[in-house]
Every structure is written in C-alpha cells, then in structure tokens.
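Report on one structure; see the data block that follows.
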Amino acid sequence: MVKVDGGYSHEFTTAQVHHFLSQEYGEDYVVQNPAKFAVFEDHLLYADGVERMAPFSDKIQTLRDLQREFQRHTGVRDYSAQDGISPGICHQVARETFVDPGDFIQATDSHTCMGGGSNSLAYGVGSTEYAGLISSGFTIVRVPESIRFELVGELKPGVTAKDLMLHILDTHAKREETLDHVMEFGGPGLTSISMDERATLCNMATECSARSGICEGDDVTAEWMAARREGTTPDAFRTRFVAPDEGAEYSGGVHQIDLSSLVPMVAEPGDPTYGRAIGELEGVPIDIAYGGSCTAGKEHDMDFYALVLAEALEAGRQVSPATQMLIQFGSEAVADYARRKEYLEVFERAGVRIIDPGCGACIGCGPGVSENREQVTISAINRNFNGRSGPGQLYLGSPLTVAASAVEGRIVAYTPGMFRTPTSV
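Residues are numbered in this note's numbering as their position in the sequence shown, beginning at 1, plus a constant of 479.
If you want it as structure tokens, here you go:
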C-alpha cells in the first residue's frame, strides 16, 4: 500500500469517479485531502466545432456539468475553462504547477506518465481505482519491472526526443521489451536533453505499452523546478531526487543508445510502432500539419516550430498553399511564453492557424482533424491509431518535421538552412 502524492482527472472521466464515490459512500462522501487532487477541462473543450461530435453535444455538456458538480462537492483544485479557454492540458499544467521530483502521481489518463520527465513516478489508472485512491489517499501497487535506456552522445541538429521515442517504439517496443515495464532514462546523454524533451520521452512510454517512464534527476531538473515553484531553490529539489540503487538489476535489460546515431523519423499510419526514417519516404504529400497536444505543445516545442517557420519566412516561404498548419498550445503558460518570444507574429506571418490550449485534434475533438479517408496529416501528437484524429491517414513526426513538412507540402526532415537551397532535403 502506497501513499499518493497527487492526482487529477478530466471531463472525460470525472463523472465516473463522482458516480462511483456516490454509489459506494453516499451522496455526502468526502475526499480527505482535496488540495492534493485536481480536475481539468481540456479534452472535450473544442468538440463543438467537430462535425462528427455534434450528435454527442448534450452528453459532452453532461460530462462537463458533472465534473463541476464533483469539484464543488469535493473542493479539489479547479482547472476549468474560463470564458471558453482552458488553462491547459492536464499533464502539461500538472508538471508546470505541482508534480515534483520523487512524487507518486496517479491520474485518469494514460499519458499521466509524462510527469516522469520531472523525476516522479506517474502513471494512469482507471476511474474506479482513482475513486478509491482519492477517497483514502492510498493505493495498492505491485512494483513494476524496469528497463533502462542509457543515453550517450548528443542529438544532431534536426533530431529531437520524438525521434528517439519513434526509434525505441520501432525497435524495443515492437519486440514487447518495454511491455508493462517502467522505462528509465539516464546516462550522460540525458544532460543535453531539455526538461520539455524529457517530458516527451516519458509521455510516450504508454505508446510503448510500458507502465511508465522516468528520467534521472540532475541540475537541469533542479533548476527547471525552482524556476516554477515560487520561493524554492534548486537544492531543495536535489534532495528529492530518486535514483536507481548501485548495481540495480533490470528485468528488461540495459540498452545503450548513441543519440548522435539517430535520424529524423515518422511513424506511418496505423500505429506508433510503424517507424520509418524520413529519408526512406518518397515525398508523401500532406493536407494537414498539426503541432500541439501534451507531447508537442510545450515551450521547447514552440521553439522548434518558430525556428523552422522563421527560417522559411527569411527565405520568402510560408506554409504551402496545399497544406493547413495548426499550432495548439499545451497550456496558458506556454501561450504566454510564445507571446513573450514574439512567436505569434512568426506563426501568423507563415500562415499558421493558432489555437488556444487544449487536447483538440489529438483526441479527435478539435481543429486539425481530418475530414475524409483521403486526407493525409503529419502530426506531432503521440499516437496514430486508425480514427484517432479523424478518418484520414495520420503520420507521426517531431515538431521540426511537422513545421518543415508544412512549408514543403510533403513529409520532409528539417535540416538547418534547408529553405535557402534549391532543393529541400
């Protein structure tokens, strides 16, 4: 039995939690420590604008109403939309505000594991289990097996953490080596990877059918946390780091990955494990380029989009007339960051449609979903199962790949200076 340090649910799942607790303990049930838990309105906020979701509008509103009822009843922290704008995607806001190193976090979503980028153990649970743990503050855990990825070297320009995960999906996950394991990321190569990119690694552990993902803590972790927790210092977080024991044994083994050997990749339509180097593709034309979601709506992701689009503008290029590009922020904090960096002007000049924070197209409930089977999308989201983001063909790629492809109108890898050459790579 383990004490839970925090958790959250969203409007897709909270109603079930509320129902289970009312059914088990009566309508006057109590959550003992509501400040540890939160509700988010992020998944269905833009569903009203999606034609295929129109028949469910009444049910979606019922889910929203029941979540508000639950929040008022329990007093858990409230991250509901204000004036139609969400504070952000639950996983992103959680890491920005309350997921700390050493925490044990449970939430009603499979991408809860994103918190592992902050050196916490975080993973998703069902609504029934979540109802039990927020009522008691404890949960029963069978310690999962682990698999370690020892990172060495540095990523080359144009290669990102998303490419690293697509590589792992195409190799280790495809062979079920990561199945039900905690994916541990460490080694000297990790120090060159930003906190937002580490969040990408852990976020996509669930696509590997892993239990969770976790990154070792270091100075990068401590400084990032202190910058976002008022009145704290990096040293306060160094004391909270969790790390493997000396001589730890790994059921899944230790796998060294030379980051400098990786290349830009995509996952072809149907499954995130369908990895392929972009250099092997033959110029797949695209209709939609989507940058956003918990995986790719972070501050560093905005840096990636802006880098590519600014280079395109400098060369007199914009998003291809044949392609619609959309960028959706992961949180209000990310949107504020983009404003401070003057990225909004870059995006708008390049012909990008900018969307307020939320899950949106990633869950098929917002701008950027395909409308028919013939449409092709290159997306920075985390999964591309059939129908995930509309009926079309969905390729996964990094933020750099999404932005470069939007300009070219076909799937390409980003290389620095590519728009200054007669022929793009």
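The beta carbon of each residue, even a glycine, is placed where N, CA and C say it ideally should be.
Between the CA atoms of residue j and residue i - distance to the nearest angstrom
i, j, result
"Gly888", "Ile765", "6 angstroms"
"Gly770", "Leu523", "18 angstroms"
"Asp521", "Gly876", "23 angstroms"
"Gln546", "Tyr487", "12 angstroms"
"Val483", "Ile890", "43 angstroms"
"Glu490", "Phe519", "7 angstroms"
"Ile564", "Gly776", "15 angstroms"
"Ala601", "Gly795", "45 angstroms"
"Thr802", "Ala706", "38 angstroms"
"Cys687", "Arg574", "21 angstroms"
"Val699", "Ser772", "23 angstroms"
"Gln540", "Ala526", "10 angstroms"
"Met674", "Ile857", "24 angstroms"
"Asp588", "Cys681", "14 angstroms"
"Ile719", "Pro800", "Note on identity: in this sequence residue 719 is Arg, with Ile being the wrong assignment. Cα to Cα, Arg719 sits roughly 50 angstroms from Pro800."
"Ala727", "His734", "14 angstroms"
"Glu709", "Tyr822", "26 angstroms"
"Glu759", "Ser671", "28 angstroms"
"Phe783", "Gln511", "43 angstroms"
"Ser903", "Val787", "Only weak support exists for where Ser903 lies, its pLDDT of 43 falling under 50; the coordinates are left without a value."
"Ala514", "Gly485", "9 angstroms"
"Phe628", "Val886", "34 angstroms"
"Ala817", "Glu793", "19 angstroms"
"Tyr753", "His498", "39 angstroms"
"Thr894", "Ile757", "12 angstroms"
"Ala586", "Thr650", "28 angstroms"
Nearest to residue i (by Cα), restricted to the options the options
i, options, result
"Thr908", "Gly563, Ala610, Pro667", "Outside the shown range of the chain (480 to 904) lies residue 908, about which nothing can therefore be said."
"Thr774", "Ile672, Gly567, Ala768, Gly809", "Gly809"
"Ala701", "Cys694, Arg690, Glu695, Phe716", "Phe716"
"Val721", "Ser599, Gly616, Met593", "Ser599"
"Leu741", "Val638, Arg543, His570", "Val638"
"Gly554", "Gly732, Cys844, Ile613", "Ile613"
"Val881", "Ser673, Ile736, Pro713, Gln807", "Gln807"
"Lys635", "Asp737, Gly505, Glu725", "Asp737"
"Ala814", "Met781, Ala829, Ala768, Val622", "Met781"
"Ala480", "Val604, Arg621, Asp557, Asp537", "Checking the sequence shown, residue 480 turns out to be Met, not Ala. It is Arg621."
"Val825", "Ala785, Ile834, Thr712", "Ala785"
"Val831", "Ile584, Gly866, Ser884", "Ser884"
"Pro723", "Ile568, Ile833, Met662, Cys844", "Met662"
"Glu850", "Leu648, Val529, Tyr874", "Val529"
"Cys841", "His498, Glu853, Gln854, Arg867", "Arg867"
"Val572", "Arg819, Val604, Ala812", "Ala812"
"Leu669", "Cys844, Leu542, Val886, Gly696", "Gly696"
"Cys838", "Asp544, Gly567, Glu503", "Gly567"
"Ala496", "Pro713, Arg819, Gly632, Val604", "The question names Ala, but residue 496 in the sequence shown is Val. Nearest option by C-alpha distance: Val604."
"Arg531", "Gly896, Cys844, Leu643", "Cys844"
"Asp750", "Thr685, Tyr729, Gly762, Glu761", "Thr685"
"Gln561", "Arg543, Ala756, His552", "Arg543"
"Cys694", "Glu506, Phe664, Val848, Asp714", "Phe664"
Beta-carbon proximity of residue i to residue j, cut-off 9 angstroms
i, j, result
"Ala859", "Pro836", "no"
"Gln797", "Ala789", "no"
"Ile626", "Thr607", "no"
"Thr679", "Gly596", "yes"
"Pro743", "Ala892", "yes"
"Pro870", "Leu805", "no"
"Leu630", "Gly666", "yes"
"Gln550", "Ser559", "yes"
"Met704", "Asp579", "yes"
"Ala689", "His646", "no"
"Glu676", "His779", "yes"
"Glu624", "Gly731", "yes"
"Thr591", "Ser691", "yes"
Residue span of the beta strand (DSSP E) that contains residue i, given as start and end
i, result
"Gln807", "803-807"
"Ala746", "744-746"
"Ala601", "600-603"
"Met662", "661-665"
"Asp557", "556-558"
"His489", "485-489"
"Met769", "Reading off the sequence, residue 769 comes out as Tyr, not Met. From DSSP, the beta strand (DSSP E) with Tyr769 extends over 767-770."
"Ile833", "832-834"
"Ser625", "625-631"
"Phe535", "Note, Phe535: premise wrong, no beta strand (DSSP E); not H, not E."
"His734", "733-737"
Residue range of the alpha helix (DSSP H) that includes residue i
i, result
"Thr576", "569-576"
"Thr493", "493-504"
"Gly647", "Inspection of the sequence shows that residue 647 is occupied by Ile rather than by Gly. Run containing Ile647: 640-647, per the alpha helix (DSSP H) assignment."
"Asp815", "811-819"
"Arg755", "It is not in any alpha helix (DSSP H) - Arg755 instead sits in the beta strand (DSSP E) that spans 754-756."
"Ile619", "That residue, Ile619, is in no alpha helix (DSSP H); it is neither H nor E in DSSP."
Contact test: residue i Cβ vs the ligand FAD heavy atom, cutoff 8 angstroms
i, result
"Ala840", "The ligand FAD is absent from the structure shown, which contains no ligands of any kind."
> Which ranges would you report for the alpha helix (DSSP H) in the stretch 677-719 if only whole runs of at least 4 residues count?
Replying inline: Entirely contained in the stretch 677-719, the alpha helix (DSSP H) runs reaching 4 residues are, in chain order, 698-707, 713-717.
>> For a minimum of 4 consecutive residues, which ranges assigned as the alpha helix (DSSP H) are wholly contained in the stretch 858-902?
In response: Here the runs fully enclosed are 878-887.
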